[in-house]
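To keep things clear, I will list the structure first and then write my remarks on it.
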Amino acid sequence: MLKKLTMFLCLIFYYISGEAATGGVIGYDEGCFVFAYASYLGVQSNMVAEFKASLEGLKLCAFASFFNIIIQSDSLALVLCVNSLKNPLRKLHGKFKELLHLMQLLKVSLSHYSQDVNSVADFLAKWACDYRARSF
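First residue of the sequence shown: 300, per our numbering; consecutive thereafter.
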(Lines of atoms letter the chains of each structure in order from A; the text may use other names.)
(Lines give C-alpha, C1' and ligand atoms only; values in the text may rest on other atoms or scores of the structure.)
Protein backbone atom coordinates (compact mmCIF):
# COMPACT_ATOMS: atom_id res chain seq x y z
CA MET A 300 0.00 0.00 0.00
CA LEU A 301 1.28 3.45 -0.92
CA LYS A 302 2.04 5.88 1.87
CA LYS A 303 0.05 9.09 1.74
CA LEU A 304 1.99 12.34 1.60
CA THR A 305 0.56 15.36 3.33
CA MET A 306 1.35 18.83 2.03
CA PHE A 307 0.56 21.68 4.40
CA LEU A 308 0.20 24.82 2.32
CA CYS A 309 0.06 28.24 3.93
CA LEU A 310 -0.34 31.54 2.12
CA ILE A 311 0.44 34.85 3.77
CA PHE A 312 -1.21 37.82 2.12
CA TYR A 313 -0.55 41.35 3.36
CA TYR A 314 -3.63 43.38 2.46
CA ILE A 315 -1.97 46.76 3.05
CA SER A 316 0.82 46.28 0.53
CA GLY A 317 -0.80 43.53 -1.57
CA GLU A 318 2.27 41.33 -1.19
CA ALA A 319 1.95 37.57 -0.94
CA ALA A 320 4.18 34.63 -0.08
CA THR A 321 3.67 30.93 0.46
CA GLY A 322 5.19 28.35 2.74
CA GLY A 323 4.78 24.64 2.47
CA VAL A 324 5.75 21.54 4.39
CA ILE A 325 5.58 18.10 2.81
CA GLY A 326 5.80 14.88 4.78
CA TYR A 327 4.24 11.48 5.36
CA ASP A 328 1.13 10.92 7.48
CA GLU A 329 3.10 9.52 10.39
CA GLY A 330 4.98 12.83 10.71
CA CYS A 331 8.13 12.02 8.73
CA PHE A 332 9.43 15.26 7.18
CA VAL A 333 10.33 15.18 3.45
CA PHE A 334 10.95 18.82 2.53
CA ALA A 335 9.77 22.38 3.03
CA TYR A 336 9.73 25.44 0.84
CA ALA A 337 8.99 29.15 0.91
CA SER A 338 8.39 31.50 -1.97
CA TYR A 339 7.73 35.21 -2.35
CA LEU A 340 4.92 35.68 -4.89
CA GLY A 341 4.97 39.47 -5.25
CA VAL A 342 2.10 41.92 -5.42
CA GLN A 343 -1.16 40.38 -6.60
CA SER A 344 -4.70 39.54 -5.55
CA ASN A 345 -5.36 36.99 -2.84
CA MET A 346 -7.05 34.41 -5.11
CA VAL A 347 -4.33 34.57 -7.78
CA ALA A 348 -1.72 34.09 -5.05
CA GLU A 349 -3.64 31.08 -3.66
CA PHE A 350 -3.61 29.35 -7.05
CA LYS A 351 0.07 30.15 -7.66
CA ALA A 352 0.96 28.81 -4.22
CA SER A 353 -0.94 25.57 -4.81
CA LEU A 354 0.59 25.06 -8.24
CA GLU A 355 4.09 25.66 -6.93
CA GLY A 356 3.69 23.01 -4.24
CA LEU A 357 2.25 20.46 -6.67
CA LYS A 358 4.98 21.11 -9.22
CA LEU A 359 7.57 20.37 -6.54
CA CYS A 360 5.74 17.13 -5.71
CA ALA A 361 5.61 16.19 -9.41
CA PHE A 362 9.34 16.94 -9.79
CA ALA A 363 10.07 14.65 -6.84
CA SER A 364 7.71 11.97 -8.26
CA PHE A 365 5.36 12.08 -5.26
CA PHE A 366 1.85 10.68 -5.69
CA ASN A 367 -1.16 10.04 -3.46
CA ILE A 368 -1.05 13.49 -1.84
CA ILE A 369 -3.33 15.21 0.64
CA ILE A 370 -3.11 19.01 0.42
CA GLN A 371 -4.22 20.82 3.53
CA SER A 372 -4.65 24.50 2.67
CA ASP A 373 -5.47 27.37 4.99
CA SER A 374 -7.59 28.91 2.20
CA LEU A 375 -11.23 27.86 2.41
CA ALA A 376 -11.95 29.83 -0.80
CA LEU A 377 -9.37 27.80 -2.72
CA VAL A 378 -10.67 24.50 -1.34
CA LEU A 379 -14.28 25.33 -2.23
CA CYS A 380 -13.38 26.51 -5.78
CA VAL A 381 -11.24 23.50 -6.62
CA ASN A 382 -13.50 20.88 -5.05
CA SER A 383 -16.55 22.32 -6.84
CA LEU A 384 -14.57 22.59 -10.13
CA LYS A 385 -15.63 26.25 -10.44
CA ASN A 386 -13.04 28.72 -11.69
CA PRO A 387 -13.35 31.92 -9.64
CA LEU A 388 -11.70 34.33 -12.10
CA ARG A 389 -11.37 34.42 -15.87
CA LYS A 390 -7.67 35.34 -15.67
CA LEU A 391 -7.05 32.15 -13.68
CA HIS A 392 -8.38 29.88 -16.43
CA GLY A 393 -4.96 28.46 -17.40
CA LYS A 394 -3.78 28.05 -13.82
CA PHE A 395 -7.08 26.47 -12.80
CA LYS A 396 -6.87 23.88 -15.59
CA GLU A 397 -3.21 23.19 -14.78
CA LEU A 398 -4.00 22.73 -11.09
CA LEU A 399 -6.86 20.31 -11.82
CA HIS A 400 -4.65 18.36 -14.25
CA LEU A 401 -1.82 18.02 -11.71
CA MET A 402 -4.27 17.02 -8.99
CA GLN A 403 -5.65 14.24 -11.17
CA LEU A 404 -2.20 13.11 -12.32
CA LEU A 405 -0.72 13.04 -8.80
CA LYS A 406 -3.88 11.63 -7.14
CA VAL A 407 -4.41 14.65 -4.90
CA SER A 408 -7.18 15.42 -2.44
CA LEU A 409 -7.63 18.92 -1.05
CA SER A 410 -8.98 19.90 2.35
CA HIS A 411 -9.11 22.97 4.58
CA TYR A 412 -7.28 23.40 7.87
CA SER A 413 -6.84 26.26 10.29
CA GLN A 414 -3.66 28.28 9.73
CA ASP A 415 -2.51 27.76 13.32
CA VAL A 416 -2.37 23.97 12.78
CA ASN A 417 0.92 24.18 10.91
CA SER A 418 3.13 26.86 12.40
CA VAL A 419 6.12 25.78 10.27
CA ALA A 420 4.37 26.52 6.95
CA ASP A 421 3.08 29.78 8.43
CA PHE A 422 6.60 30.78 9.56
CA LEU A 423 8.07 29.95 6.13
CA ALA A 424 5.46 32.06 4.33
CA LYS A 425 6.06 35.03 6.65
CA TRP A 426 9.82 34.67 6.20
CA ALA A 427 9.51 34.64 2.39
CA CYS A 428 7.31 37.75 2.43
CA ASP A 429 9.50 39.65 4.90
CA TYR A 430 12.69 38.93 2.95
CA ARG A 431 11.14 38.65 -0.55
CA ALA A 432 12.92 35.36 -0.81
CA ARG A 433 12.55 31.91 -2.31
CA SER A 434 13.99 28.80 -0.69
CA PHE A 435 13.60 25.06 -1.27
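Glycine included, each C-beta is placed from N, C-alpha and C at the ideal position. This structure is a prediction, so every number in the text was calculated from the model and none was measured.
> Cβ atoms of A337 and S434: under 8 angstroms apart, would you say?
Replying inline: Position 135 of the sequence shown, counted from the first residue, corresponds to residue 434. Position 38 of the sequence shown, counted from the first residue, corresponds to residue 337. Closer than 8 angstroms, so yes.
>> Going by DSSP in three states, F365 sits in which element: helix, strand or coil?
In response: Taking the sequence shown and counting its residues from 1, one reaches residue 365 at position 66. Reduced to three states, the DSSP call for F365 is coil.
> Assuming K394 contacts L354 under a Cβ cut-off of 8 angstroms, what Cβ separation, rounded to an integer in Å, is found between them?
Replying inline: In the sequence shown, the residue the question calls residue 394 occupies position 95. In the sequence shown, the residue the question calls residue 354 occupies position 55. Contact holds; Cβ gap of about 6 angstroms.
>> By DSSP's criteria, Y339 is part of a beta bridge. Which residues make up the other side?
In response: Here residue 339 refers to the residue found at position 40 of the sequence shown. BP columns for Y339 point to A320.
>> Using the three-state DSSP reduction, which class does R431 fall into: helix, strand or coil?
In response: Stepping through the sequence shown from its first residue, residue 431 is reached at position 132. Coil.
> Nearest-angstrom Cα distance between L423 and P387?
Replying inline: Walking along the sequence shown from the start, residue 423 turns up at place 124. Walking along the sequence shown from the start, residue 387 turns up at place 88. Looking at the two C-alpha atoms, the distance is approximately 27 angstroms.
> With a CB to CB cut of under 6 angstroms and the five nearest residues on each side skipped, what residues in its chain are close to L357?
Replying inline: Here residue 357 refers to the residue found at position 58 of the sequence shown. Closer than 6 angstroms at Cβ, skipping near neighbours: L401.
> Going by DSSP, which residues form a beta bridge with H411?
Replying inline: Working through the sequence shown from its first residue, we reach residue 411 at position 112. Answer is S372.
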